[in-house]
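Asks: Input: one structure, supplied below.
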Amino acid sequence: MNQFVKLWVIVGLAFLALPLLVIVPLSFTSGHYMVYTPEMLALEPDAYSARWYSEVLHDRDWMLALRNSLIIGLSAAALSTVLGTLAALGLSRSGTPGRNVWTALILLPQIVPIVVTAGGIYSAFSDLNLIGTYAGVIIAHTVLAAPVAVITIRASLERFDWNLLAASSTLGAGPLLTFWKVTLPLIRPAIVAGAIFAFATSLDEVVVIQFIGSYDQKTVPIQMLIGLREHLSPAILAVASMLVCFALSILVLSELMRRRSEIYARKTTKT
Amino acid sequence: MTARPFQTARTWRPTRASVIGLGLIAPLALLVLAFLVLPLFRFAYLSVDNRAIAQVLSLTAQAMRDHPVEGVPDDAVFAAFQQDLARDPEGVAKLAARLNFFEGGLNSLLRKTSAQMATIPPNRAGFMAFDKRWGEEKTWRAIGLATHPVIPEYYLNALDLRTDEPSRLLSIEPKPEGQRIYLRLWARTIMVALFVVSVCTLVGYPIAHFLSRSKGMVFTLAMGLVMLPFWTPLLARIASWKVLLESNGVINSLLVASGLVSEAGRPQLLNNLFATVLVMSYVLLPYAILPTYAVMKRVQPSLFSAALTLGATPVRAFFTVYLPQTLPGVLAGGILIFVLSFGFYLTPELVGGPSGSLIGNMIAYNFSRSLNWGLAGALSTMLLIVIAAAALLLRAVSLKPSAR
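Same order as they appear, the protein sequences are chains Z and U. Every letter in the first sequence is one number past the one before it in this note's numbering, and letter 90, counting from 1, is 90. If you want this note's numbering, it's the position in the second sequence, counting the first as 1, plus 1000.
In structure tokens form, the structure reads like this:
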């Protein structure tokens, strides 16, 4: 029985790992096909190369897409972090009425199916002439990414010691100075994490941008989508592998954040 | 008792704290309201609203009321219809597009008729001589529908139903066999969602248990394996599955190389329902593992050992002790996966092919290909209702353990 459960767990974990493990080696193929050739399995050096990576890095379309992803992702992350920090503070303050309703409203973009959201945003943007503009895509991505920032920042505010604000104001600081000198430094790690998660959300988003963006706003996932629809080439695997590395770095980062906040929690409970 | 009227008379007065709190929330809340909530309401409204079109047909509607005839109407209605077409050329274009959603082919018929209006005598025989479709019952069924300011047509369409007379509930009937599309898709979407929930639960439960019992490097590694796909962009995951499942892909090559299948007998693994279910299960598996893991972490292992000490078999101890304790996590994960899989669009679009497409794909199709926003709105609204119901269920389930 126990053996069977262990086997089941191993199969499950392999199912999770397999696709990602397969694409990374295949992205280093020197050939045109996305299968393991006998040469690759024999680990012959000639069967492997970084040619598809260099192809991507020298391709105008991919570089345009990367540039757009950075412009849109960074702008949307900045906007959703600012709005998300404010909202998280408002949602955490005990004096705010109707907090459950506001939380539900702000988290709505996470629950509504993306294709429905895309239709809704398209119909709103067509009245405002925002279709096919950077501003439109950035606003749409802010709506989608802000919940992620709010969740992250709000979680850190749950352990926040609100007496510190009272102490600060007793010492004569106004609300803005208190925010700048007390609140912000304490929740800075969560804000940074929220910004990174918001950026990752924008980088992953393809459905809304497909509805409301034009060729000019083509991002990395849109360029991947074109490849997945038309013809799959190892270049897509190279991009996918780079995205896996990006995900891995986010994972390491969020683990570091978690450890840091645990240490912080232990420190505060000791004193 | 006496304090009661006093209490109800007291109105809510904004305090400083509440104003600051709401002010902080306002910018983001307004953004979500303006670009998500209001458009969704407008969608729901568009899916029943027909006032602009009914306006174009106002004379026809009047004539139809004065001369009620079953099927093809008489000369008076034709004359009024011609006047309506001549009155508002821009409206005719809209009318033509809308009628086409009710009955295929009417767009071109109406445009053709309105372009050569001057040559057509304003009566039934004249119209029928111009094009025999003007003498067909289904043409006039569509026009009759378009005279109503509020139409349930799109919702009926979304359920493969039809009616000739929207004001009479009993006139609703199923569409003819050959025109049914959506009921099958709704059924498929529900079945896929339930199937994906079961797969994720069955695969996820032991993994969650393993995670809750392991420590150190093993835990970090296993948790990493769960979280890495979670953070990898969806398209990268879909790309890897396409590489695995293609007819010349990794899995098929392995099958052929190992001699399990012949070169000609490669199974079709991509662009079907199997691929949709497989890749959706892969994408949603972490959502089953994480809530279950969170609950298992709080369960005391000593209770299970106590059951064993008291003579229960491991199977019995599992079903009477461990499973009931961990059930809230399983239910929360299951409902979450049901909600998420109900709205899936991109995965079925890229790996499912026609036989593996779901209701989300039909929304996208009606929205961006056939530009039928009314039908897209009706499908979206129905989808949101199902999801809202499931979300309320999720809330009820997740509130339970804390109430105990």
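Virtual Cβ for every residue (Gly too), placed ideally from N, Cα, C.
1) Am I right that VAL9/Z and PRO1301/U are in contact with their C-beta atoms under 8 Å? What's the rounded C-beta distance?
2) May I ask you to list, following chain order, the residues of the region 145-167 of chain Z that have a beta carbon less than 7 Å from some beta carbon of chain U?
3) Label GLY1249/U either buried or exposed according to how many other C-beta atoms from any shown protein chain fall within 10 Å of its C-beta, with 16 as the threshold for buried.
4) Report, in whole angstroms, the separation of the C-beta atoms of LEU16/Z and LEU1285/U, which I expect to be a contact under 8 Å.
5) So that I know if they touch, is there some Cβ in chain U lying closer than 7 Å to that of MET63/Z?
6) Distance, Cα to Cα, ALA1306/U vs LEU66/Z?
7) Assign VAL206/Z to one of three DSSP states: helix, strand, or coil.
8) Short check: CB of VAL1321/U to CB of LEU1346/U, under 7 Å?
9) Does DSSP put THR1292/U in a helix, in a strand, or in coil?
10) Consider the Cβ of LYS1242/U: report whether some Cβ of chain Z lies at a distance smaller than 7 Å.
11) Taking ILE106/Z and VAL1032/U to be in contact with their CB atoms under 8 Å, please state how far apart those CB atoms are, rounded to whole angstroms.
12) Let's test the definition: count the other Cβ atoms within 10 Å of the Cβ of THR1292/U and tell me whether it reaches 16, buried, or not, exposed.
13) Name, going along the chain, the residues of the region 116-137 of chain Z whose beta-carbon falls closer than 7 Å to a beta-carbon of chain U.
14) Within a Cβ cutoff of 7 Å, which residues of the same chain sit near TRP1186/U, ignoring the five residues on either side of it in sequence?
15) What span of residues does the alpha helix (DSSP H) with ASN1157/U cover, start to end?
16) What residue range does the alpha helix (DSSP H) around TYR122/Z cover?
17) Quick one: is ALA77/Z near chain U, going by C-beta distance under 7 Å?
18) Does the CB of TRP1186/U have a neighbour CB from chain Z at under 7 Å?
19) Any C-beta of chain U within less than 7 Å: which residues of the region 78-98 of chain Z qualify?
20) Comparing the C-beta of PHE1274/U with each C-beta of chain Z, is any distance below 7 Å?
21) Verify the CB distance criterion: does ALA1239/U have a CB-CB separation below 7 Å to chain Z?
22) Where do the ends of the alpha helix (DSSP H) carrying PRO221/Z lie?
23) Using C-beta distances below 7 Å, list every residue in its chain close to ILE1190/U, excluding the 5 sequence neighbours before and after it, in chain order.
24) Are ILE111/Z and ALA140/Z touching if we call contact CB-CB under 7 Å?
25) Assuming ALA247/Z contacts THR1232/U (C-beta within less than 8 Å), just tell me the rounded distance between them.
26) I want to see whether chain Z comes within less than 7 Å of THR1008/U, judged by CB atoms only; does it?
27) Closer than 9 Å, Cβ to any Cβ of chain Z: which residues of the region 1137-1155 of chain U, in chain order?
28) Alpha carbon to alpha carbon, how far is GLU1349/U from PHE1041/U? Give it in angstroms, no decimals.
29) When DSSP labels each residue in this structure, what does GLU39/Z get in the three-state scheme?
30) Just the Cα atoms here: how many angstroms apart are VAL1077/U and VAL1037/U?
31) GLU1137/U: which of PRO1014/U, GLY1216/U, VAL1072/U and ALA1093/U sits nearest, CA to CA?
32) Quick one: which chain Z residues come within Cβ less than 9 Å of ASN1248/U?
33) Quick one: which chain Z residues come within Cβ less than 9 Å of THR1309/U?
34) Against TRP8/Z, what residues of chain U qualify as contacts under a CB-to-CB distance less than 7 Å, listed in chain order?
35) Just tell me which of TRP180/Z, ILE153/Z, TYR53/Z and THR219/Z has its CA closest to the CA of LEU164/Z.
36) What residues from chain Z crowd round THR1015/U, counting only those whose CB sits closer than 8 Å?
Replies: Straight from the coordinates:
1) About 17 Å; that fails the 8 Å criterion.
2) ALA146
3) buried
4) 6 Å
5) no
6) 58 Å
7) coil
8) no
9) helix
10) yes
11) 6 Å
12) buried
13) VAL116, THR117, GLY119, GLY120, ILE121, SER123 and ALA124
14) ILE1359
15) 1153-1158
16) 114-128
17) no
18) no
19) LEU83, GLY84, LEU86, ALA87, LEU89, GLY90, LEU91, ARG93, GLY95, THR96 and PRO97
20) no
21) yes
22) 220-229
23) none
24) no
25) 4 Å
26) Because THR1008/U sits at a pLDDT of 49, beneath the cut-off of 50, its placement in the model cannot be relied upon, and the point is left open.
27) none
28) 26 Å
29) helix
30) 42 Å
31) VAL1072/U
32) TYR33, MET34 and VAL35
33) Near THR1309/U there are no residues of chain Z at all, since even the closest Cβ is about 18 Å away, more than 9 Å.
34) PRO1206
35) TRP180/Z
36) GLY95
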